[in-house]
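Visitor: Just so you know, we're using the numbering used here here: the sequence shown kicks off at 444 and counts up by one. C-beta: ideal position from N, C-alpha, C; glycine also. Quick caveat, the model's predicted, so the values are computed rather than measured.
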Amino acid sequence: MRHLPNIICLIRIALIWPIAAALNRGDMPAALALFVAAGVSDALDGYLAKRFRWTSELGKVLDPLADKLLLVTVFVEAAWLGLIPWWLTAAVVARDVMIGLGALVYRVWFGPLRGRPRVLSKINTALQLGYVALIVLHAAAGVPPQEMLDAAAVLTFATTVASGLDYVATFTRRVWTPARLA
């Protein structure tokens, strides 16, 4: 049972292609259902890992990787279809690329990454998931109104930028602070 969170992450990764395919063919109800299932799986695997201490080194890599692959894929596909503005998609992709490259550089030059995901990052991921769900719901059912989507886009953009800057500051602080003080 201790591998259940990792299995759920793998299922989330496996859902990426069907979500993108449903979006591409314009089957918004299916895309929404699959995306919501992926979002619920994210919450479920995190809950199980924490509640039962079923964490693993694989899970520490797999969970954020699954989130980033899902969100980047859906943001790019939805932007391609004209559902999400490109400026927001560019910010989301740039943030994830920056975090990934920063983590890689840190790992190679300075050693293993230690620490937990930042609170602002968790808020940002939740807002990104919520924003995509709202966009697909709007495409499927015409709700919520466009003004709400516009406000959600601005809020998502703000947390994306703030979270990216928070990671830059965190990595920089870790590099310049001696290990005994970190």
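Look at the alpha carbon of Met444 and the alpha carbon of Gly525, and state the distance between them as a whole number of angstroms.
Guide: In a straight line, the C-alpha of Met444 is about 42 Å away from that of Gly525.
Visitor: Taking Cβ positions, are Leu466 and Ala521 nearer each other than 8 Å?
Guide: It is a contact, given that the beta carbons lie within the stated cut-off.
Visitor: Could you check how far apart the C-beta atoms of Thr620 and Arg561 are, in whole angstroms? I think they sit under 8 Å.
Guide: Their Cβ separation, rounded to whole angstroms, is 16 Å, which puts Thr620 and Arg561 out of contact at 8 Å.
Visitor: Are the Cβ atoms of Ala481 and Leu501 separated by less than 8 Å?
Guide: No; because the gap between Cβ atoms is not below 8 Å, this pair is not in contact.
Visitor: Suppose you measure from the CA of Val519 to the CA of Thr615; what does that come to, to the nearest Å?
Guide: Their Cα atoms are separated by approximately 29 Å.
Visitor: Would you mind sorting Gly607 into buried or exposed? The rule is 16 or more other CB atoms within 10 Å of its CB.
Guide: Counting Cβ neighbours within 10 Å, Gly607 comes out buried, since at least 16 surround it.
Visitor: When the Cα of Val483 is compared with those of Cys452, Arg496, Phe553, which residue comes out closest?
Guide: The shortest Cα separation from Val483 among Cys452, Arg496, Phe553 belongs to Cys452.
Visitor: Would a C-beta distance cut-off of 8 Å place Leu544 and Leu475 closer than the cut-off?
Guide: Going by C-beta atoms, Leu544 is not nearer than 8 Å to Leu475.
Visitor: Tell me the DSSP secondary structure of Pro448 in three-state form.
Guide: DSSP places Pro448 in helix when its eight states are reduced to three.
Visitor: Beta-carbon within less than 8 Å of Pro507's beta-carbon, same chain only, minus the 5 sequence neighbours each way: which residues are those?
Guide: Same-chain partners within the cutoff: Pro560.
Visitor: For Val586, does the three-state DSSP call read helix, strand or coil?
Guide: Val586: coil per DSSP, three-state reduction.
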